[in-house]
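To start, the structure under review is shown below, and the notes come after it.
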Amino acid sequence: MTVKQQLIAEIEEIDNPIALVQLFEMMQLLKQNIAKISKVLSRFAGCLNDADAQEMKNIISNEFNKIEGEW
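Following this line, the structure appears as structure tokens:
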């Protein structure tokens, strides 16, 4: 069962109309926040040239793909 299907199943079990209204309002807030985040991220699309992007990938790979010490 997908997360979407699980959410739908959970919602279908709610009998309290007040809880449904609250859930609906929360969903509206989530959708607004997702749209805002998308707009913020899209401002940076294409701001790096290929060489700079590759350099950034290399730095991230070199610095963060290794575990130091014992886990």
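Note that my numbering numbers the sequence shown so that position 28 is 18, with each residue one more than the last. Using N, Cα and C, we set each Cβ at its ideal position, and we do this for glycine too. Nothing here was measured: the structure is a model prediction, and the numbers come from that model.
L(-3) and Q12 have their alpha carbons spaced roughly 15 angstroms apart. In the structure shown, the three-state DSSP call for A41 is helix.
For K26, the enclosing alpha helix (DSSP H) starts and ends at 7 to 32.
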